[in-house]
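Below you'll find the structure, written out as structure tokens, and then a few comments.
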Amino acid sequence: MSTPAMQSALAQMATMARDAGQVSAAQPPGVRDGAEVDGGFADALKSSIQRINELKATADTQAKAFQAGVPGVELNDVMVDMQKASVAFQMGQQVRNRLVSAYRDVMNMQV
13 MSTPAMQSAL AQMATMARDA GQVSAAQPPG VRDGAEVDGG FADALKSSIQ RINELKATAD
73 TQAKAFQAGV PGVELNDVMV DMQKASVAFQ MGQQVRNRLV SAYRDVMNMQ V
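In this note's numbering, the protein residues as written are 13 to 123.
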């Protein structure tokens with residue numbers, strides 16, 4: 013038996029797989045169907061941070077709803093949302109740490 017959270021995750025994975033299949037191998041990175049994809053690294057980083065924030069807000073909302081006894085909010089859904097937010101936050105920290113390390117390496121290079 014699948015829960016709404018699992019169905020949502022499967023739907024997201026199917027959408028990402030479909031989107032990934034639309035980019036031709038012959039096209040250069042950053043180009044999709046002959047048109048430039050918006051932004052670059054900075055926009056990707058910004059959207060990732062926004063996604064992490066959305067996951068955290070969703071987890072907090074679900075937790076408060078569960079604590080308030082709202083019907084239809086199950087503990088397992090709350091725990092899954094909290095884990096998603098936690099993993100996303102940890103990934104964000106790792107990306108930040110790698111960026112800072114790369115920045116320091118570039119700044120310490122001899123020209």
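We put the beta carbon where it would ideally sit given N, CA and C, even for glycine.
- Within the model, the alpha-carbon separation for Asp72 versus Asp93 is close to 9 Å.
- One thing to note: Leu87 has its Cβ no nearer than 8 Å to the Cβ of Phe101.
- Taking C-beta atoms under 8 Å as the contact rule, Gln74 and Asp89 qualify, at a distance of about 6 Å.
- At a Cβ-Cβ threshold of 8 Å, Ala97 and Lys68 count as neighbours.
- In its chain, beyond the 5 residues on either side, no residue has a beta carbon closer than 8 Å to the beta carbon of Asp117.
- Per DSSP, reduced to three states, the secondary structure at Glu66 is helical.
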